[in-house]
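Data block below; observations after.
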Amino acid sequence: MKIKVLIAMHKPYSIPKDSCYLPVHVGAAGKDTFSIFGWDVQRDDDGVNISEKNPNFCELTGLYWAWKNLDADVIGLVHYRRHLSDCSRAYCKKHPWEECVVCSSKLEELFATCDIVVPGKTIYGIETLYSHYSHTHDGRHLDLTRELIGKMCPEYLSDCDKVYRQRGGHMYNMMIAKREVLDQYCQWLFPILFELEKVVDVDGLSSFDARLFGRVSEILFNVWLRHHPEYRVGSLRVLNTDPISWPKKIMSFLRAKFLGKKYGASF
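Under the numbering used here, the final residue of the sequence shown carries the number 712; numbering is consecutive throughout.
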């Protein structure tokens with residue numbers, strides 16, 4: 446089984462040594478190539494690509510590149526500062542993070558019984574996926590997305606409504622899937638996002654706000670997953686390689702919900 450897990454990155458960063466991991470320079474169009482451990486990092490503007498859309502599509506330009514160009518039985522996407530792990534939190538506290546990410550042998554074991562592996566759910570508790578997006582960004586993006594789903598694939602509309610009302614989901618655009626499963630997901634996702642581009646004006650938005658298509662896709666992944674119960678789903682813990690300021694994150698979350706203060710930067 447040939448497994449390739451893309452690590453979306455835009456600058457040099459440490460990577461796991463396992464050969465299943467492939468660092469990919471997302472948004473490489475017009476930028477210089479950089480190297481890790483003396484090897485040039487794969488660019489997402491090679492072959493069939495949407496690299497120039499990276500300021501709005503985020504890590505999805507890496508997913509698109511993999512979908513169109515990568516030859517593997519299992520394909521995944523993680524981030525340079527956010528990985529998937531099968532290790533306990535206690536183990537991760539005592540070992541370098543590079544030793545805690547899921548390895549190829551574990552993935553082979555998982556895919557003997559799974560079709561897709563996703564990150565554990567992010568739970569918002571006092572927010573639904575729709576209300577959280579509306580409080581932190583612009584809910585009209587999700588309204589327009591729902592309209593497009595109604596026109597392009599109305600059989601997904603009920604799943605969309607249910608996911609919008611969920612109080613958590615599998616986020617970050619991270620997953621590892623069998624090739625045929627990834628093909629089906631990408632064939633559904635990208636046409637919706639390309640149509641959404643036509644009706645959402647990003648001119649005048651800050652660089653942070655303009656990344657909206659990557660954010661909308663996080664919710665769309667849950668819609669697609671809900672619509673396909675035939676797929677066997679496995680779950681792994683999200684491993685952050687850098688410390689998270691939880692007080693800052695929680696306070697921003699509460700200010701957005703109760704004071705109407707939108708997010709202005711990543712945490």
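Glycine included, each C-beta is placed from N, C-alpha and C at the ideal position.
Item, Value
"Nearest candidate by alpha-carbon position, reference Ser549, set Leu602, Tyr578, Val450, Leu657", "Val450"
"Three-state secondary structure assigned by DSSP to Pro742", "Nothing about residue 742 can be reported from this structure: the residues present for the chain run from 446 to 712 only."
"Asp489 vs Val469 beta-carbon contact at 8 angstroms", "yes"
"Sub-8 angstroms separation of Val647 and Leu529 beta-carbons", "no"
"Beta carbon of Val523 nearer than 8 angstroms to that of Ser680", "no"
"With 16 other Cβ atoms within 10 Å as the buried cut-off, status of Pro461", "buried"
"Coil, strand or helix - Ala517 by DSSP", "coil"
"Through-space distance from Phe482 to Ser576, alpha-carbon basis", "43 angstroms"
"Length of the line joining the Cα atoms of Ile420 and Cys598", "Since the first residue shown for the chain is 446 and the last is 712, residue 420 is missing from the structure and cannot be characterised."
"N-terminal and C-terminal residue of the beta strand (DSSP E) that Ala474 is part of", "Segment: none, Ala474 is in no beta strand (DSSP E) and carries neither H nor E."
"Proximity below 8 angstroms, CB of His580 to CB of Lys694", "no"
"Span separating the alpha-carbon of Ala535 from that of Val493", "42 angstroms"
"Asp485, DSSP secondary structure in three states", "strand"
"contact_flag[the stretch 494-502, the stretch 578-595] where n(CB pairs < 8 angstroms) is 3 or more", "no"
"Under 8 angstroms between C-beta atoms of Leu589 and Val644", "yes"
"Extent of the continuous alpha helix (DSSP H) to which Val668 belongs", "657-672"
"Per-residue DSSP class, three states only, for Gly565", "coil"
"The stretch 538-558 touching the stretch 630-643, judged by at least three CB pairs closer than 8 angstroms", "no"
"DSSP beta-bridge partners of Ser530", "Val546, Arg682"
"Where Leu419 falls: helix, strand or coil (DSSP)", "Outside the shown range of the chain (446 to 712) lies residue 419, about which nothing can therefore be said."
"Residue range of the unbroken alpha helix (DSSP H) whose run includes Ile571", "Element bounds for Ile571: n/a, residue is neither H nor E."
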